[in-house]
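Below is one structure, written out as structure tokens; comments come after it.
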Amino acid sequence: MENTIDTIYDRRSVRKYTDKDVNPDLVDEILRAGMFAPSGCNKQPWEFVVFNERQIIDEIKDMHPYASALATAPVCIMVCGDTQREMAKGFYQVDCSAAIENMLLAARALGLDTCWMGVYPWEEVMQNFSKRFELPEHIEPFALISLGYAQSRQERPKRYDSTRIHYNKW
Ligand SMILES: Cc1cc2nc3c(=O)[nH]c(=O)nc-3n(C[C@H](O)[C@H](O)[C@H](O)COP(=O)(O)O)c2cc1C
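The sequence shown begins at -10 in the working numbering and counts up by one.
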């Protein structure tokens, strides 16, 4: 397993996967990593729906305008926010984002790759997911994560930009 800093730099959004299945224990480890994220007042206002059947993943792909990653991904995780459990309105989105980033990094550390596909704040897409999966009123679909073994991986991009950093004043 590479060190944490390398894992952060090596994570890329991957949209094409091999047909190798993902061991359920690894999926569980990734979900565990999500649940270890920080959250406002430690409310942990997240829920996860794991899809590992081709037919339903294909259906989900067709419900989202930018989900090409799901065409080959053997696993898709829908991350949902709980409006009854969040610290205050607007917090679940921040908390779920922290959970997702933990999951993307955990996946990379385990040799897997991912792509984060936003559902929130697209009202129409959110409504379609809520309806299709019969989510309770207080559970809102937030994002999808594709998970699998990459067909190929990109080099680390150059992103560090010292002009975006401000010390002690703007
Ligand atoms: C909130 C959010 C929404 C995103 N939505 C999509 C999406 O709908 N489809 C997709 O293919 N990638 C999506 N991405 C992935 C971004 O395109 C990707 O992170 C960005 O291009 C940077 O590339 P990298 O992840 O390889 O560093 C999303 C990322 C974030 C954080």
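Note that beta-carbon positions come from the ideal geometry of N, C-alpha and C, so glycine has one too.
Tell me which residues share the same chain as residue i and place their Cβ nearer than 8 Å to its Cβ, disregarding the 5 neighbours each side in the sequence.
{"i": "glutamate 75", "result": "Gly29, Lys32, Pro34, Tyr81 and Asp84"}
{"i": "glycine 100", "result": "Tyr138"}
{"i": "serine 57", "result": "Arg4 and Lys50"}
{"i": "proline 54", "result": "Val114"}
{"i": "methionine 52", "result": "Val114, Asn117, Phe118 and Arg121"}
{"i": "phenylalanine 78", "result": "Position check: residue 78 holds lysine in this sequence, whereas phenylalanine was assumed. For lysine 78, where only same-chain residues beyond five positions count, the Cβ hits under 8 Å are Thr72."}
Only counting the same chain, and skipping five residues up and downstream in sequence, which positions put a Cβ closer than 7 Å to that of residue i?
{"i": "alanine 62", "result": "Tyr6, Ile46, Ser135, Leu136 and Gly137"}
{"i": "glycine 107", "result": "Ala132"}
{"i": "glutamine 44", "result": "none"}
{"i": "lysine 122", "result": "Here the sequence assigns phenylalanine to residue 122, which means lysine is not the residue at that position. Excluding positions up to five away in sequence, the list reads Val38."}
{"i": "arginine 0", "result": "Leu93, Leu94 and Arg97"}
{"i": "isoleucine 128", "result": "Glu36, Cys69 and Asp71"}
{"i": "asparagine -8", "result": "none"}
Given the structure, does residue i come close to ligand 1, in the sense that its CB is under 6 Å from one of the ligand's heavy atoms?
{"i": "serine 2", "result": "yes"}
{"i": "glycine 107", "result": "yes"}
{"i": "cysteine 104", "result": "yes"}
{"i": "tyrosine 55", "result": "yes"}
Look up residue i in the DSSP assignment and give the residues it is bridged to.
{"i": "aspartate 71", "result": "Ile128"}
{"i": "serine 135", "result": "Cys65 and Cys104"}
{"i": "serine 2", "result": "Thr103"}
Which same chain residues, not among the five before or five after residue i, have their C-beta less than 6 Å away from its C-beta?
{"i": "alanine 22", "result": "Asn91, Met92 and Ala95"}
{"i": "arginine 148", "result": "none"}
{"i": "phenylalanine 40", "result": "Ile46 and Cys65"}
The alpha helix (DSSP H) that contains residue i, what's its start and end?
{"i": "glutamate 48", "result": "43 to 52"}
{"i": "glutamate 112", "result": "112 to 121"}
{"i": "phenylalanine 80", "result": "80 to 98"}
{"i": "glutamate 18", "result": "13 to 24"}
In the DSSP assignment, find the beta strand (DSSP E) that holds residue i and state where it starts and stops.
{"i": "valine 39", "result": "35 to 40"}
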